[in-house]
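Just so we're aligned, residue 355 is where the sequence shown starts under our numbering, counting upward by one.
C-beta atoms are modelled at their ideal positions from N, C-alpha and C, and glycine is treated no differently.
Since this is a predicted model, take the numbers as computed values, not measurements.
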Amino acid sequence: MNKNKNIKNIPGVIISAPSSHSGKTVITCALISKFIQMGLKISAYKIGPDYIDPGFLKFASNSDVYNLDSWLMNKNNLCELFYNTSQNSDLAIIEGVMGLFDGGENSTAEIAKLLNIPVILVIDSKSAGESVAALAFGFKNYDPCLNFAGVILNNIGSENHEKIIFNALNKININIKILGTVYRDKNLILPERHMGLTQAQEINLNNLNLNLQNIKNINYDEILKISHETKQIKFTRSKIITHHKNIKIAVALDEAFSFYYAESLSTLEKFGAELIYFSPLRDKNLPAGINAIILGGGYPELHAKYLFENFSMRKNIFNCGLPIYAECGGFMYLCESLTDFDNNKFEMAGLINFDCVMNKRPVIGYVECEALNNNLICNAGKKIRGHEFHFSSMSTHVNINKDRYTAFKILRRNSEISYYGGYSNNNILASYVHINFFGNYDLAETFINRL
């Protein structure tokens with residue numbers, strides 16, 4: 355491995371906010387769209403463990419979007435990913451996660467300092483006046499090591515509302531750049547459901563694109579100027595061992611299964627896998643000649659009836675005898691049944707002797723998992739970092755704390771809470787835990803070698 359010193363980032367900005375639901379995604383998409391219109395090539399990113407927002411950024415940028423998460427990958431790998439995927443671009447635009455300082459060492463602020471990129475704060479100004487200036491002042495001064503470049507005011511109700519906030523922000527002792535104002539527009543509000551925004555592929559993004567073109571009160575030239583304040587980063591290049599095995603992996607991809615990290619799948623390809631996509635909703639048979647199956651997360655609970663009615667695919671999965679790696683929604687699909695939010699119960703693939711039931715409260719957070727036995731991606735005792743985000747739970751007739759097929763002992767980050775979860779038996783590994791193969795190259799290599 356070669357150590358790289360003083361590597362210059364391409365110009366970039368990070369779009370953050372005081373909290374979730376402030377308009378980060380819409381503003382980020384608007385910036386991407388405008389800069390592309392200006393003839394710039396954009397690379398787009400999302401901080402944190404998010405599968406949904408990247409879909410909107412991908413639509414705006416018409417390119418793959420990469421997740422930057424220092425829990426799922428170490429900081430060196432994060433810098434390497436950012437550098438490798440941005441070098442053919444003119445500008446990098448990164449959407450933050452939650453509030454600017456939320457998440458500790460995995461927060462948007464910490465990633466901004468790691469990558470040496472300036473931050474723009476989107477403030478939802480609805481029902482507030484001079485208090486917006488106080489909020490902005492606090493965020494600017496909370497961490498003097500952060501390059502706080504300015505604010506974009508969202509949800510402005512009128513010219514007078516805008517004037518009140520401008521006057522407050524233009525006070526000498528505040529001195530915060532106003533980089534744009536976005537007036538209140540119901541057409542700029544993205545629809546949501548229980549796990550966040552509705553997926554990009556489920557709404558009319560052409561209408562969204564037209565709406566984004568109506569955002570005119572943003573100082574794009576100044577933002578472009580600010581992006582050149584990015585500084586140097588350091589990282590050590592990772593060595594990828596390319597395999598020459600003829601491995602074909604079927605990857606479930608449709609409205610029910612779509613939660614994948616682009617960099618995670620590309621890592622499997624770098625280790626020699628050919629990925630073949632299929633739909634458990636519509637396809638009657640698995641792709642021919644495959645060596646394994648990946649069932650990612652998604653919304654099987656919203657499509658349970660159609661997954662049930664595709665008996666041919668369920669039968670194919672049940673009888674294939676192939677190695678299967680499943681995360682969250684894929685785990686749910688492999689169970690004997692799935693009971694949706696309306697208490698409708700549907701048979702699923704039946705490979706795992708669990709019944710899955712949807713609940714009203716989510717389970718969410720970063721976790722560290724210790725493998726209890728050898729499985730598809732690692733040996734017993736291996737500790738893996740991941741995250742969980744699900745509204746369902748599993749019921750079974752066996753004691754999951756003692757059952758020999760239990761996959762992991764799971765510890766929540768920053769907590770002493772631990773529990774047992776997942777399923778591992780022969781060539782099946784399934785759990786609620788999402789991982790990222792990028793940066794966890796030993797897991798990717800083990801997976802390929804065991805196929």
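Spatial neighbours of residue i within its chain, please: CB distance less than 6 Å, with the 5 preceding and 5 following residues excluded, ordered by chain position.
i, result
"T379", "D407, F410"
"S373", "G453"
"P403", "D423, H741"
"A680", "L649, L688, A784"
"K599", "G626"
"Y614", "G650"
"I518", "G483"
"A554", "Residue confidence for A554 is low, a pLDDT of 48 falling below 50, so the modelled location carries little weight and cannot support an answer."
What separation, rounded to the nearest whole angstrom, lies between the Cα atoms of residue i and residue j?
i, j, result
"L475", "L426", "25 Å"
"I671", "L688", "8 Å"
"G626", "S618", "13 Å"
"L432", "G793", "8 Å"
"K624", "I789", "17 Å"
"A446", "N698", "45 Å"
"P677", "N780", "8 Å"
"R758", "I530", "59 Å"
"M549", "M748", "Caution applies to M549, whose pLDDT of 49 falls short of 50 and renders its modelled position unreliable; the model cannot decide the point."
"S592", "N416", "28 Å"
"E459", "G684", "30 Å"
"G393", "S443", "11 Å"
"I718", "R538", "31 Å"
"N727", "R766", "20 Å"
"N733", "Y420", "28 Å"
Within 10 angstroms of the Cβ of residue i, are there 16 or more other Cβ atoms? Answer buried if so, exposed if not.
i, result
"Y405", "buried"
"A466", "buried"
"I644", "buried"
"A503", "buried"
"R636", "exposed"
"P498", "exposed"
"M667", "buried"
"A398", "buried"
"R715", "exposed"
From the DSSP secondary-structure annotation, give me the bridge partner or partners of residue i.
i, result
"S785", "E681"
"H744", "V717"
"T535", "L507"
"L649", "A680"
"D478", "N508"
Between residue i and the rest of its own chain, which residues show a CB-CB distance below 7 Å, the 5 nearest in sequence each way excluded?
i, result
"L805", "I601, N645, A646, P677"
"T535", "L507, I510, E516, N571"
Note down, in chain order, each residue of its chain lying with its Cβ closer than 8 Å to the Cβ of residue i, except the 5 sequence neighbours on either side.
i, result
"T693", "K699, F700, D709, C710, V711, M712"
"P641", "K602, A604, I630, F632"
"G377", "A371, V476, D478, N508, N509, V536, L542"
"L622", "I603, L629, F791, A798, F801, I802"
Is residue i close to the ligand GDP? I mean its beta-carbon at under 7 Å from any heavy atom of the ligand.
i, result
"Y720", "Absence of the ligand GDP is noted for the structure shown, with no ligands found whatsoever."
Runs of beta strand (DSSP E) lying entirely within the segment 659-739, each at least 3 residues, in chain order: For the segment 659-739, whole beta strand (DSSP E) runs of length 3 or above, ordered along the chain, are 678-681, 689-693, 699-701, 706-725.
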